[in-house]
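In UniProt numbering, the protein residues as written are 1 to 212. Note that CB positions come from ideal geometry on N, CA and C, so glycine has one too. Structure record follows, encoded as structure tokens.
The following block contains the structure:
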């Protein structure tokens, strides 16, 4: 079975609305000039040491941190310093230190929603696409549908037929009170929406008991 099979829904993997990766990154930033793996383990007490070690290796390979003490027979505890601080959001990296592309589309769509006044699914897909990640109109429509159900978006204009011109696309806007923060609400496999900014599941699809 692959790793994805064992993944829990995001709200079960996070503590206080933050992933282990985010909490490790914040601990590193707080000790930026000098820290060890045990230092981070004490600060992020609920994180497994293997998780911390793996993320430190990824940050090292990506050039975010460097080892500051000389290697002496492998017995000296490694000490690190933060040399590349990209801000409050933890870098999303593979084990090899490469940027994680998965989920980038949602990040770009959410950022776009927070920036522009209103949008259609086609416009959202176009604005959110980049060289690193292409967002299809279908993906944008699905994200809009989920956030509408969760109460994040209002309808500016409904999709309607235009004589001789097919259909006019619906337009939507982010409700200001639901602009909860920089991290994108996540559509989970459990048919729910989890907002990492709030640290809570904000919507679940109702079960039709007639289908059970």
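For residue 198, the three-state secondary structure derived from DSSP is coil. Comparing alpha carbon positions, the residue from 89, 187 and 70 closest to residue 19 is 89. The beta carbon of residue 185 sits closer than 6 Å to the beta carbons of 193 and 195 from its chain, once the five residues preceding and following it are set aside; these are given in chain order. According to DSSP, residue 172 shares a beta bridge with 119 and 155. If you draw a straight line from the Cα of residue 59 to the Cα of residue 134, it is about 26 Å long. In the DSSP annotation of this structure, the continuous segment of the alpha helix (DSSP H) that includes residue 24 starts and ends at 20–30.
Residue 65 sits buried, since 16 or more C-beta atoms from the chains shown fall within 10 Å of its C-beta. A distance below 8 Å between beta-carbons, with the five flanking residues on each side excluded, links residue 81 to the following residues of its chain, in chain order: 32, 33, 34, 35, 65, 66 and 68. A buried status is given to residue 125, since no fewer than 16 other beta-carbon atoms sit within 10 Å of its beta-carbon. Assigned with DSSP and collapsed to three states, residue 43 falls in helix. When only Cα atoms are considered, residue 94 and residue 104 end up about 14 Å apart. Here the alpha carbon of residue 57 sits roughly 10 Å from the alpha carbon of residue 51. With contacts defined as CB atoms closer than 8 Å, residue 178 and residue 199 fail to qualify as a contacting pair.
Judged by their CB atoms, residue 23 and residue 62 are not nearer to each other than the 8 Å cut-off. Annotation for residue 99: 92 and 93 place their beta carbon closer than 7 Å to its own, counting only its chain and skipping 5 residues before and after. For residue 192, the secondary structure class from DSSP, reduced to helix, strand or coil, is strand.
Taking the CA atoms as reference points, residue 183 sits about 7 Å from residue 107.
Boundaries of the beta strand (DSSP E) harbouring residue 81: 80–82, taken from the DSSP string. Listed in chain order, the non-local C-beta contacts of residue 203 below 8 Å within the same chain comprise 146, 149, 150, 151, 192 and 193, local neighbours out to five positions each way being set aside. Around the beta carbon of residue 128, 16 or more other beta carbons sit within 10 angstroms, so the residue counts as buried. In the DSSP annotation of this structure, residue 88 is not part of any alpha helix (DSSP H), being labelled neither H nor E.
For residue 102, the closest alpha carbon among the candidates 122, 115, 132 and 123 is that of 132.
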